[in-house]
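For reference, the structure discussed in these notes is given below.
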Amino acid sequence: MKKCVVSLVGLLCSMASGYEPSVTSRQAAEEKVVAFYNLENCYDTLDDPITADEEFTPGGGKRYTAEILTHKLNNLSRVISELGPPGRLRPPDLLGVAEVENRAVLNLLIRQPLLAGARYRIVHFDSPDPRGIDVALLYQPGSFKVIDSQPISVPLPGGTKEVRFTRDILYVKGVMEGDTLHVLVNHWPSRRGGEVRSAPARMAAALICRRIIDSIVRKQSRAAVVVMGDLNDDPDSRSIVHWLGASGERVRAGSHVLFNPWVDFYKRGIGTLANKDRWGLFDQIIFSRSLLVPQSGVWQWGLAGIHRKPYMMENQGRFKGYPMRTWDGNRYRGGFSDHFPTYITLERGPG
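Under this note's numbering, the first residue of the sequence shown is numbered 410, with each subsequent residue one higher.
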């Protein structure tokens, strides 16, 4: 797989806040923001005897106290309250999240003062991940009405990972002011153990995701489908291009080809997480052709962006410009997340 390697100087010079496909789309009368954020180990402080969460307790290696949890939630709420295009004054309408332990933590998050006004509601199911981390969808009830939701299991092929269970894919069907939207929230298996050895596990997740999409479009060829998540692969990875069927070329986007706006970002050396001066773009929001075709009164894609503010980044040393993570080993760094969040806008003109 081709790697994306850039210097921090080059990144900071080239990084843009978003990609705007057209001028006319910005003239939309209405706009919704759909976002994704990996919350980096957002645990409660209690020891769950079923999962391996002991280090995230007061007596664990990280000395994870209520004070640390409160500080982390406050940091996350600050980011989420501003997540979206410049000038937006409220949190995203839809927000997929990953690395959250349970619904109790999500309830604490949405009650933070900076988010309370959004009146977020939660779609969440406990998944079989051995670390006890899940995905979830937060939505503003004034923007989105849930019709159906369910967790979709992702069986892993033998010999690909040290564990046999991973996060479920969260499927949510809902209505956004008259238009049906199908949302798939993902957190694909990590690269732990090596990228090559773990690749079949992400392929398995991509195949399950693709099957869900195919079942949707068989019933409605113009269905609006959004796939979001920490895919632990880049936009040019085989799992995304071949198995999920996502392309950065608008002309290729058809009923069976998804559009991936993050290909352009990745080619320009822009990412959402970094390691040893190597930037990856694992946090993606990919969608079906129906959101590309302009139609009067119907939601369509406006722009895509990576939300990165100076306060969210390391400001000195060899990691300057990286996301300011929560933990440095077992030391509480006091940051936000080791991932930058991503977003797209959906826009609609007069019907």
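Glycine included, each C-beta is placed from N, C-alpha and C at the ideal position.
Going by other Cβ atoms of all chains shown within 10 Å of its Cβ, with 16 needed for buried, is residue i buried or exposed?
i: Ser646; result: buried
i: Ser630; result: exposed
i: Phe749; result: buried
i: Tyr446; result: buried
i: Leu498; result: exposed
i: Val488; result: buried
i: Tyr623; result: The question names Tyr, but residue 623 is Asp in the sequence shown. The residue in question, Asp623, is exposed, as its Cβ has fewer than 16 Cβ neighbours within 10 Å.
i: Gln559; result: exposed
i: Ile679; result: buried
i: Ser399; result: Residue 399 lies beyond the range of the chain shown here (410 to 760); nothing can be said about it.
i: Tyr740; result: Per the sequence shown, the amino acid found at residue 740 is Arg instead of Tyr. Classification for Arg740: exposed.
i: Leu390; result: Nothing about residue 390 can be reported from this structure: the residues present for the chain run from 410 to 760 only.
i: Glu658; result: exposed
i: Phe668; result: buried
i: Ala610; result: buried
i: Arg757; result: buried
i: Arg576; result: buried
i: Thr751; result: buried
i: Ala683; result: buried
i: Ile477; result: buried
i: Asp557; result: exposed
i: Thr479; result: exposed
i: Lys441; result: buried
i: Glu439; result: exposed
Just curious, the beta strand (DSSP E) that residue i is in, first and last residue?
i: His591; result: 588 to 596
i: His533; result: 530 to 533
i: Asn450; result: 439 to 451
i: Val650; result: That residue, Val650, is in no beta strand (DSSP E); it is neither H nor E in DSSP.
i: Glu508; result: 503 to 509
i: Asp538; result: No beta strand (DSSP E) contains Asp538, which DSSP labels as neither H nor E.
i: Val635; result: 634 to 639
i: Ala545; result: 543 to 548
i: Arg687; result: 687 to 689
Grouping DSSP H, G and I as helix and E and B as strand, with all else coil, what is residue i?
i: Tyr720; result: helix
i: Val666; result: coil
i: Arg472; result: coil
i: Ser599; result: coil
i: Trp708; result: coil
i: Glu491; result: helix
i: Val418; result: A caution first: Val418 carries a pLDDT of 29, below 50, which makes its placement in the model unreliable, though a value can still be read off. It is helical.
i: Phe696; result: strand
i: Thr681; result: coil
i: Ile477; result: helix
i: Ala527; result: helix
i: Leu455; result: coil
i: Leu755; result: strand
i: Ser486; result: helix
i: Arg497; result: coil
i: Arg631; result: coil
i: Arg659; result: helix
i: Gly730; result: coil
The ligand NAD and residue i: does any heavy atom of the ligand fall closer than 8 Å to the residue's C-beta?
i: Val626; result: Of the ligands one can find in the structure shown there are none, so the ligand NAD has no counterpart to examine.
Which first and last residues belong to the alpha helix (DSSP H) in which residue i is found?
i: Leu515; result: 512 to 519
i: Phe674; result: 671 to 676
i: Arg611; result: 604 to 628
Are the stretch 695 to 709 and the stretch 726 to 733 touching by the rule of at least three beta carbon pairs closer than 8 Å? no
Run through the stretch 552 to 584 for me and flag every whole beta strand (DSSP E) of 3 or more residues, listed as ranges in chain order. 554 to 561
Pair every Cβ in the stretch 495 to 510 with every Cβ in the stretch 535 to 553, then say whether three or more of these pairs are closer than 8 Å. yes
Flag this pair as touching only if the stretch 579 to 597 and the stretch 617 to 636 have three or more C-beta atom pairs under 8 Å; answer yes or no. yes
Could you tell me whether the stretch 719 to 726 touches the stretch 678 to 694, using the rule of 3 or more Cβ pairs below 8 Å? no
For the 8 Å Cβ check, are there 3 or more pairs between the stretch 513 to 531 and the stretch 444 to 462? yes
Is it a yes or a no for the stretch 636 to 654 touching the stretch 700 to 709, going by three-plus beta-carbon pairs under 8 Å? no
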